[in-house]
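See structure below.
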Amino acid sequence: MTEDVISRCHLGTAASARSLAPDLARGVMLLLIALSHAPAFVDDWNTGPPWLDAGAKFVKSLVADNQARNMFVFLFGYGLIQLLASQQARGSGWPDVRRLLRRRGWWLIVIGFLNAVVFVPIDIVAVYGLTLLVLAPIVRARTAALWWTGGLALVPATLLLAWQSVAAQADPATIAEIMEPTFAAHLVAALPAWPVNTVLSTVMVVPAMVLGILAARRRLLDEPERHLPLLRRIAALGLGLALAGRLPSALMAAGAWTTDSAPVSWAVAVAHDLTGYAGGIGLAAAIGLVAAGAREGRLTTALAALGRRSLTFYLFQALAWVVLFYPFTLGLHDDMGYAAALGVAVAVWVVSIVLAEVMRVAGHRGPAEIVLRRLTYGRRRTG
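Position one of the sequence shown corresponds to residue 14 (this note's numbering), numbered consecutively onward.
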């Protein structure tokens, strides 16, 4: 990062209280994450009313799949600059900040590993950690270097995502199909695939993370009222591209049309996943616009409380899927269809909002945030 950018971030963070928009965006993001994950734990996607399950598949494909993750990663990159600026405001030099980021990366890998083994084999936390270990200096890179890094990573990332999407079109495999009957077997089931999945996923997160870093340098979400025209353009362009690019795949997911052409399937998958980057970032910009004009009401306060505890409630969702769906717990994986799974996702998110608000009123941070903070900073309070 150039010195003038460092100075602007430093002074802006030191002079302002915690901003509403990033936390509000993280709170909404957890709904998209829940919608994206919940159907994977259901055996038969077609046990409900056909029209209702088809509508649910359409909504999930259009709104959540490979879009929720990009919003999540964008906000992760945004948070890295907030962390950097916070440390600089306390007088820390780059060597100290780099050690802090890498220590945070290692502990994110540990937390993500435990999440994948103990809870469910869908994890982004370890991917964040590995990306942070490998690319920690990127938070100081020049703007041109960031654009090049994001652009070069976009090609393999989109191809990997499209390959997964095409495979899912042909054979929509679910986690429910590979659930273990006992908790002991469950604990070792994810071990073989976890390293490969984590390494491959790092490529997929770089483009959105880079854009989050760039947005944070301009404080687009910290000070949305100063950037309303730009946020409007980003929201309109991002969400418009996402709608146009993701609609064919959503129609295919709902069964409204099919194709036997491999090139068409690949084109649909590439358009869906590529514009998912635009949609995730466009949605974050739209939430920034909402935050700029929002009053401090109960809903916005509760959603922001959820966003401040996003790691805790990301892990809470994973725990909920285990408790609700696995054979050694409630075993609901074969009792509901696709639409019902999305209903469960919304219910888990609503419960998360309530719990986060209770924590806020009681003055408690999220337990996962407390643990990560102590592991990262040690006993000293510096961040």
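Idealized CB from N, CA, C, for every residue including glycine.
C-alpha distance - residue i paired with residue j, whole-angstrom precision
i      : j      : result
Gly106 : Gly142 : 21 Å
Ile247 : Phe341 : 46 Å
Phe54  : Tyr327 : 16 Å
Val283 : Ala181 : 13 Å
Ala317 : Leu33  : 7 Å
Gly306 : Ala47  : 27 Å
Gly92  : Gly225 : 8 Å
Glu236 : Asp36  : 13 Å
Gly258 : Ala291 : 10 Å
Gly336 : Leu343 : The displayed chain sequence assigns Val, not Gly, to residue 336. Computed Cα separation, rounded: 6 Å.
Ala275 : Gln177 : 14 Å
Gly295 : Ser365 : 24 Å
Trp120 : Ala158 : 27 Å
Ala221 : Ala297 : 11 Å
Thr400 : Pro63  : Nothing about residue 400 can be read from this structure; the chain reaches only from 14 to 396.
Leu195 : Ala102 : It is worth fixing the name first, because residue 195 is Thr in this sequence and not Leu. If you take the alpha carbons of Thr195 and Ala102, they lie about 50 Å apart.
Gly61  : Asp348 : 10 Å
Val209 : Arg308 : 45 Å
Leu43  : Ser262 : 23 Å
Ala358 : Ile151 : 35 Å
Met372 : Ala67  : 37 Å
Backbone secondary structure at residue i - three-state DSSP
i      : result
Ser365 : helix
Gln397 : What is shown of the chain runs 14 to 396, which leaves residue 397 out entirely.
Ile226 : helix
Phe341 : coil
Asp36  : helix
Val380 : In the sequence as presented, Val is not what sits at residue 380; that position holds Pro. The answer is helix: DSSP assigns Pro380 an H, G or I state.
Leu388 : helix
His285 : helix
Ser74  : helix
Pro52  : helix
Gly310 : coil
Arg31  : coil
Ile135 : coil
Pro108 : helix
Thr211 : helix
Met349 : coil
Asn128 : helix
His199 : helix
Leu204 : coil
Leu145 : helix
Gly396 : Per-residue confidence for Gly396 stands at a pLDDT of 40, beneath the threshold of 50, marking its modelled position as unreliable; the derived number appears in the next sentence. DSSP places Gly396 in coil when its eight states are reduced to three.
Met84  : helix
Presumed contact (8 Å Cβ cut-off) between residue i and residue j, rounded CB distance
i      : j      : result
Ala175 : Asp286 : 5 Å
Lys73  : Ser49  : 7 Å
Thr389 : Leu148 : Thr389 to Leu148, Cβ: 17 Å. No contact.
Leu233 : Leu243 : 7 Å
Val216 : Ala170 : 5 Å
Thr162 : Val212 : The Cβ separation is near 18 Å, so there is no contact.
Same chain, Cβ closer than 6 Å to residue i, five either side skipped, listed in chain order
i      : result
His199 : Glu193
Trp334 : Phe54 and Val133
Ala129 : Asp136, Ala203 and Trp207
Leu24  : Low per-residue confidence applies at Leu24: pLDDT is 36, beneath 50, and the placement is therefore not dependable, though the value from the model is reported in the following sentence. No residues qualify anywhere along the chain.
Gly118 : Gly142, Leu145 and Leu146
Leu45  : Ala77 and Ala81
Ile124 : Val138
Ala375 : none
Val219 : Ala166
Beta-carbon proximity list for residue i, same chain, < 7 Å, skipping 5 on both sides
i      : result
Ile137 : Arg82 and Phe85
Gly391 : none
Pro380 : Thr325
Leu252 : Gly292, Gly295, Leu296 and Ala299
Ala353 : Gly61
Neighbourhood of residue i by C-beta, 8 Å cutoff - its chain only, sequence neighbours within 5 removed
i      : result
Ala202 : Pro134, Ile191 and Glu193
His346 : Phe54, Val55, Asp56, Ala189, Met192, Phe338, Tyr339 and Pro340
Ser214 : Ile137 and Val140
Arg239 : Arg232
Phe87  : Ala221, Met222, Leu224, Gly225, Ala228, Gly293, Ile294 and Ala297
Runs of alpha helix (DSSP H) wholly within the stretch 253-298 (minimum 4 residues, chain order): none
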